[in-house]
Amino acid sequence: MKKEVVQPIRTHKIFKPQEEWKGIIAIYLYLAGMGAGSFIIGTLIHWSGVALNPLPNSTIRLFNDSLNLSELPLFWGPILVAMGAPFLILDLGIKWRFMYACLNPKTSWVSRGFIILSTFILLGLAFLAKSILPFNWLHAESFFWSIVEAIAFVFAIGTALYTGILLKATKSVPLWNTKLLPILFLMSALSTGSMAILLSTLGTGLLSYESRTLELLKGTEQILVLIEGVILFLFLLRNYKTMEQAKHSVRLLLSGEKKWIFWGGIVLLGFIFPILLENISSYYPENLILIYASGIALLCGGFFLRLGVLSAGIKDQIPMKRLIEVQYGIGLMERTGLRGERFYHSEKNKKIYP
Amino acid sequence: MDDKVLVIDPQKCTGCRLCELVCSVFHTGSSNPSRSRIKVLKWEDVGIYIPLTCNHCEKPFCVEVCPTKACHREPENNNRVTIDKKLCIGCRTCIISCPFGHPFFDVQERVTVKCDFCDGDPQCVRFCDIKAVSFVSAGETSIVRKREFANKYLDLLRYGK
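As they're listed, the protein sequences go chains A and B.
Going by numbering that gives the first Met the number 0, the letters in the first sequence line up with residues 0 to 353, in that order.
Going by numbering that gives the first Met the number 0, the letters in the second sequence line up with residues 0 to 160, in that order.
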């Protein structure tokens with residue numbers, strides 16, 4: 000006699016990543032992080048007092064005044080952050096209400112971020128304007144601007160950290176709800192920022208390829224990339240070992256539908272290409288193309304890191320839904336390794352789920 | 000007066016989704032369940048339906064993360080947690096934060112919306128003939144649940160199941 004076919008109830012769960020925050024938020028997080036990181040590195044170079052090459056065409060005439068662009072490659076970070084902010088506004092449901100976003104700094108990290116970013120953009124752009132504009136009444140060498148620079152530096156660190164804290168503060172996405180995320184984004188901000196400064200100073204001629212400062216900058220950038228790699232590994236490992244949804248997020252990144260972002264964008268472009276190309280370029284000092292290529296790859300990798308983390312975030316299951324699924328054994332085979340009817344007809348599970 | 004809450008009885012729900020329909024008509028004027036503030040979770044293969052609505056939590060995440068204070072509590076209206084449409088910017092932070100998957104983004108109004116007890120007369124309760132959704136005082140529902148638990152415990156002692 001033919002055995003009756005047992006129709007199992009649905010035996011697999013479908014884990015859908017969140018779709019509220021998409022690529023446009025990743026661009027915002029990326030530009031904010033990179034801008035803040037480049038301002039931090041640029042300010043550190045400025046404070047270190049290293050000799051910078053005089054730029055051949057560093058002044059341009061505007062009306063009757065001449066603008067001095069010699070420090071622009073060091074302090075262009077706030078411009079990037081200012082370019083990133085409109086992407087956040089673009090993502091809002093009602094865009095013209097964006098100013099309302101600062102109304103609840105007491106508890107909301109979106110509000111706090113609005114204030115941190117706005118302060119950084121204003122102070123950073125003011126400092127940049129001071130270094131460009133030739134007006135005497137600005138008293139460019141006064142102590143006041145050192146204070147502005149120091150405050151902008153603190154807010155730049157705040158901006159770089161904030162991009163991670165914003166995601167962490169949402170709490171319901173286990174992949175993001177870890178202290179390692181702000182540190183990971185801070186490291187990524189510093190590595191992409193240092194690369195942005197490296198490219199801008201090298202491209203404009205502010206630092207020559209042979210200079211010790213550039214060597215130091217390259218070394219720092221490589222160390223930052225390595226630290227970022229270690230933190231990324233720990234971040235994935237911690238998430239894989241802990242909560243269920245976080246584990247599925249990591250699976251989604253490593254072998255699921257987001258694997259192209261992870262392996263192609265983050266690992267290849269963000270880590271392997273830059274380190275490989277920079278090491279090759281040290282044998283061919285006259286060939287700057289390799290440095291530029293590694294720089295662009297690293298900058299792309301920074302973007303894909305944000306995009307990957309953002310798009311792989313799976314929300315915690317609704318407790319009621321979880322209860323029903325546990326009660327009726329839906330998705331339990333994922334934890335036991337058994338499939339379909341085998342799960343329900345195994346002797347062990349008959350006792351647990353009669 | 001005791002605050003009232005929406006209480007769901009999953010065992011009674013038949014999955015007709017009338018609650019979704021009347022909710023959307025009341026709030027938006029259109030009979031479009033996708034714009035409703037109540038959603039029915041379904042497991043068709045096992046015949047289980049659970050209408051899910053806002054829990055109006057004691058410490059709501061949506062209120063905590065809202066950058067504009069649009070999401071706020073109204074103690075005078077059954078202590079409900081509601082969203083002021085005039086303040087909402089549609090950032091969707093509350094949607095990501097809520098562990099109960101409640102606030103919804105209304106694609107036509109471009110703001111986040113959630114259950115507001117229909118200003119004291121929940122339409123889902125009014126139209127649910129089998130009373131799978133009821134609007135009762137918070138004290139009463141806790142007594143009912145304690146009684147249910149006590150009965151189940153007694154059954155367990157008596158019959159061992």
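Cβ atoms here follow ideal geometry from the backbone N, Cα and C, with glycine treated the same way.
Per DSSP, the bridge partner or partners of residue i
i	result
residue 65 of chain A	A:60
residue 191 of chain A	Per DSSP, none; premise fails for residue 191 of chain A.
residue 105 of chain B	B:110
residue 48 of chain B	B:41
residue 81 of chain B	B:71
residue 5 of chain B	B:134
Cutoff 8 Å: residue i Cβ touching any chain B Cβ
i	result
residue 169 of chain A	yes
residue 332 of chain A	Caution is warranted here: a pLDDT of 45 is assigned to residue 332 of chain A, below 50, making its placement in the model unreliable, and the coordinate value is therefore given only provisionally. Closer than 8 Å: no.
residue 119 of chain A	no
residue 243 of chain A	no
residue 100 of chain A	yes
residue 194 of chain A	no
residue 103 of chain A	yes
residue 327 of chain A	yes
residue 262 of chain A	no
residue 21 of chain A	no
residue 313 of chain A	no
residue 221 of chain A	no
residue 310 of chain A	no
With 16 other Cβ atoms within 10 Å as the buried cut-off, status of residue i
i	result
residue 244 of chain A	buried
residue 134 of chain A	exposed
residue 236 of chain A	exposed
residue 129 of chain A	buried
residue 326 of chain A	exposed
residue 190 of chain A	buried
residue 427 of chain A	Outside the displayed range of chain A (0 to 353) lies residue 427 of chain A, so it cannot be described from this structure.
residue 95 of chain B	buried
residue 175 of chain A	buried
residue 232 of chain A	exposed
residue 154 of chain A	buried
residue 29 of chain A	buried
residue 118 of chain B	exposed
Within-8 Å CB hit, residue i to chain A
i	result
residue 104 of chain B	yes
residue 132 of chain B	no
residue 37 of chain B	no
residue 82 of chain B	no
residue 127 of chain B	no
residue 63 of chain B	yes
residue 96 of chain B	yes
residue 142 of chain B	no
residue 45 of chain B	yes
residue 99 of chain B	yes
Residue i at chain E interface by Cβ criterion, 8 Å
i	result
residue 305 of chain A	Checking the listed chains, one finds no chain E in this structure; the protein chains it contains are A and B.
Query raised in the report: Does the segment 127-146 of chain A touch the segment 165-176 of chain A, meaning 3 or more C-beta pairs lie closer than 8 Å?
Result: Under the three-pair Cβ rule at 8 Å, the segment 165-176 of chain A does not count as touching the segment 127-146 of chain A.
**Report entry** Cβ contact check for the segment 209-224 of chain A and the segment 156-166 of chain A: 3 or more pairs under 8 Å
**Finding:** Pairwise C-beta distances place the segment 209-224 of chain A out of contact with the segment 156-166 of chain A, as fewer than three of them are shorter than 8 Å.
**Report entry** Three or more C-beta pairs below 8 Å linking the segment 41-57 of chain B and the segment 9-29 of chain B
**Finding:** Flag = yes, the segment 41-57 of chain B and the segment 9-29 of chain B touch.
**Report entry** Entirely enclosed alpha helix (DSSP H) segments - the segment 236-302 of chain A, minimum 4 residues
**Finding:** Every alpha helix (DSSP H) of 4 residues or more that sits fully in the segment 236-302 of chain A is shown, in chain order, as 243-253 and 272-280.
Requested in this report: Would you check if the segment 24-32 of chain B and the segment 295-308 of chain A touch, i.e. whether three or more CB-CB distances between them fall below 8 Å?
Outcome: The segment 295-308 of chain A is not in contact with the segment 24-32 of chain B.
Query - Any 3 or more C-beta pairs closer than 8 Å across the segment 101-113 of chain A and the segment 60-78 of chain B - result: Taking 8 Å as the limit for Cβ pairs, the verdict is that the segment 60-78 of chain B does touch the segment 101-113 of chain A.
Query raised in the report: Per the contact definition of three or more C-beta pairs closer than 8 Å, is the segment 135-150 of chain B in contact with the segment 96-115 of chain B?
Result: Fewer than three Cβ pairs drawn from the segment 96-115 of chain B and the segment 135-150 of chain B lie within less than 8 Å of each other, which leaves the two stretches out of contact.
Report task. Run through the segment 57-125 of chain A for me and flag every whole beta strand (DSSP E) of 3 or more residues, listed as ranges in chain order. Result -> 58-61 and 64-67, all fully within the segment 57-125 of chain A.
Query raised in the report: Using 8 Å as the Cβ pair cut-off and three pairs as the minimum, do the segment 73-81 of chain B and the segment 111-127 of chain A touch?
Result: They do not touch, by the three-pair rule.
Query raised in the report: Does the segment 85-94 of chain B come within contact of the segment 193-200 of chain A, defined as at least 3 CB pairs closer than 8 Å?
Result: The segment 85-94 of chain B, when compared against the segment 193-200 of chain A, does not touch it at the 8 Å Cβ threshold.
Report task. Taking 8 Å as the threshold, find out whether the segment 84-99 of chain A comes into contact with the segment 52-62 of chain B through three or more Cβ pairs. Result -> Too few Cβ pairs lie closer than 8 Å, so no.
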